[in-house]
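Read through the structure below, which is laid out as structure tokens, and then see the notes.
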Amino acid sequence: MKSIKRLLSHAEFVVGALLVLAFAAVAAAAPLLAPPVEEDPYQLPQYGYASSPIPPSAEHPLGLMQGQYDTLYGMIWGARTALRAGLLITLGRAVVGILIGAVAGYYGGMLDALLMRITDAFLAFPVVTGVMLTFAVFVSDELSLQLGQGDTVLMAALAVFGWMQYARVVRGNVLAERTRDYVQAAVSVGAPNRRIIFRHVLPNSTQGLLVLITSDVGTMVVTVAALTFIGLAGNEPVADWGMMLKYSRNWLIGTPANAFQYWYTYVPPLAAIALFSVGWNLVGDGLREALDPRLRGLSLSIRSRRAPNKVRYRKSADSPTGSIS
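Numbering-wise, our numbering puts 462 at position 121 of the sequence shown, and it's gapless, one number per residue.
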């Protein structure tokens with residue numbers, strides 16, 4: 342209860358949690374808010390074949406994108422796409438990083454040195470370069486992108502080239518835990534190493550992981566949108582905020598008379614991506630401040646400094662009117 346109260350006392354956590362819950366609610370209610378028209382619910386419904394966008398109207402509140410695809414439908418079902426991509430990529434990163442960090446920290450020695458050098462090598466490799474290399478190897482042609490293989494390869498590549506921070510955090514925690522008495526007691530009674538790692542060490546080595554995971558979800562959605570925008574996830578019109586931005590790039594600059602004439606093609610997906618990322622990052626910042634004892638003590642110190650000094654009135658036997666201290 343104290344931890345929950347401490348979390349709710351942080352405004353950034355509350356704001357972030359409300360944003361995340363709002364996107365989750367939209368994703369859960371997508372079939373009710375925007376009933377599917379096509380057999381595949383993630384396929385954007387098309388209402389014509391004109392190349393230019395159509396402004397918002399009563400029938401289409403957010404207008405139609407290039408190709409006459411419904412923007413509102415893409416925004417609603419795009420919440421599901423964003424949650425799925427962010428959570429799956431982050432889960433893949435976390436699982437790989439936790440396993441490598443736990444093995445390196447527990448066994449130590451040459452194995453630890455080898456795994457950490459591999460981690461350093463991955464850290465030195467730019468993520469975008471790794472994603473492009475993965476596409477060059479596993480996605481052979483444009484047809485593969487059209488069949489949806491691009492999305493799967495993109496998420497797998499981001500997971501493969503993003504586990505290193507988890508490994509470093511877990512390794513540091515495991516190094517601190519493996520010397521504790523309860524671990525030595527488990528070793529002395531002959532418990533197998535696998536049981537010690539997964540039953541005893543890992544559950545007590547999760548400090549900082551929750552903060553890292555929550556922040557990573559929002560970051561991954563921004564990364565996926567950026568890579569989709571430059572053409573690394575196919576061209577099929579699906580309910581994906583990055584794909585919607587890709588369809589709007591020819592309309593970022595309007596006419597000479599009105600530079601923002603086609604704002605409805607890019608403002609909604611941009612706003613959704615920004616708010617989604619901000620929400621998860623605010624949740625991570627709130628968790629960090631509430632759960633980290635050092636930051637919690639710093640926050641309390643700052644609050645105490647900001648609090649006004651109280652004027653106390655003290656009566657004295659020598660001074661019947663009292664004195665101020």
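Ideal Cβ positions, reconstructed from N, Cα and C, are used throughout, including at glycine. Please read these numbers as outputs of a predicted model, since none were measured by experiment.
Note that the stretch 397 to 411 does not touch the stretch 527 to 540; fewer than 3 beta-carbon pairs, one per stretch, sit closer than 8 Å. Each residue's CA atom was taken as its position, placing Val619 and Gly559 some 7 Å apart. Judged by DSSP in its simplified three-state form, Leu385 adopts coil rather than helix or strand. With respect to the C-alpha of Arg421, the residue from Val528, Gly433 and Gly583 having the closest C-alpha is Gly583. If you check the CB distance, Phe617 and Ala423 come in under 7 Å. As computed with DSSP, Tyr410 is found in a beta bridge with Gln387.
Here the alpha carbon of Val565 sits roughly 8 Å from the alpha carbon of Met496. By the C-beta density criterion, Phe539 is exposed, having fewer than 16 other C-beta atoms within 10 angstroms. If the five residues before and after Val524 are omitted, its C-beta is found closer than 8 Å to the C-beta atoms of Glu518, Ile537, His541 and Val542, all from its own chain and listed in chain order. When DSSP states are grouped into helix, strand and coil, Leu349 belongs to the helix group.
With contacts defined by Cβ atoms closer than 7 Å, Arg521 and Gly442 do not form a contacting pair. Bounds of the alpha helix (DSSP H) holding Ala527 are Asp522 to Ser529.
Here Lys587 is buried. Its C-beta has 16 or more other C-beta atoms within 10 Å. In the DSSP assignment, Leu568 falls within the unbroken alpha helix (DSSP H) covering Leu550 to Phe570.
In its chain, beyond the 5 residues on either side, Tyr383, Gln384 and Leu385 have a beta carbon closer than 7 Å to the beta carbon of Val579. In terms of Cα proximity to Gly572, the closest of Ser350, Ala454, Val480 and Ala371 is Val480.
Burial state of Ser392 is exposed, judged by a 10 Å Cβ sphere holding fewer than 16 other Cβ atoms. Within its own chain, the residues whose Cβ lies closer than 8 Å to the Cβ of Leu464, once the five positions on either side in sequence are excluded, are Met505, listed in chain order.
Counting along the chain, the unbroken alpha helix (DSSP H) around Pro372 starts and ends at Ala371 to Leu374. In the structure shown, the three-state DSSP call for Leu405 is strand. Proximity of the stretch 620 to 627 to the stretch 357 to 377 meets the contact definition, three or more beta-carbon pairs being nearer than 8 Å.
Ranked by Cα distance from Ala612, the first of Glu400, Asn599 and Thr412 is Thr412. Here Arg425 is not near Gly503, since their CB atoms are 7 Å or more apart. With distances taken between CA atoms, Gly389 lies nearest to Tyr410 out of Tyr410, Pro397, Leu432 and Thr596. Linking Glu353 to Leu628 through their CA atoms gives a straight-line distance of about 10 Å. The Cβ atoms of Gly446 and Val501 lie no closer than 7 Å to each other.
Its Cα nearest to that of Ser546, the residue Ala508 stands out among Ala363, Ala508 and Ser398. Here Leu568 really is in contact with Val472; their C-beta atoms are around 6 Å apart, less than 8 Å.
For Trp582, the enclosing alpha helix (DSSP H) starts and ends at Trp582 to Ser589.
By the Cβ-count criterion, Phe466 is exposed, with fewer than 16 other Cβ atoms from all chains shown falling within 10 Å of its own Cβ. DSSP places Val378 in the coil class of the three-state scheme, outside both helix and strand. Within the same chain, and ignoring the five residues on either side of Ser589 in sequence, the residues whose Cβ sits closer than 6 Å to its Cβ are Thr606 and Tyr607. Burial check for Ser556: the Cβ neighbour count within 10 Å reaches 16 or more, so the residue is buried.
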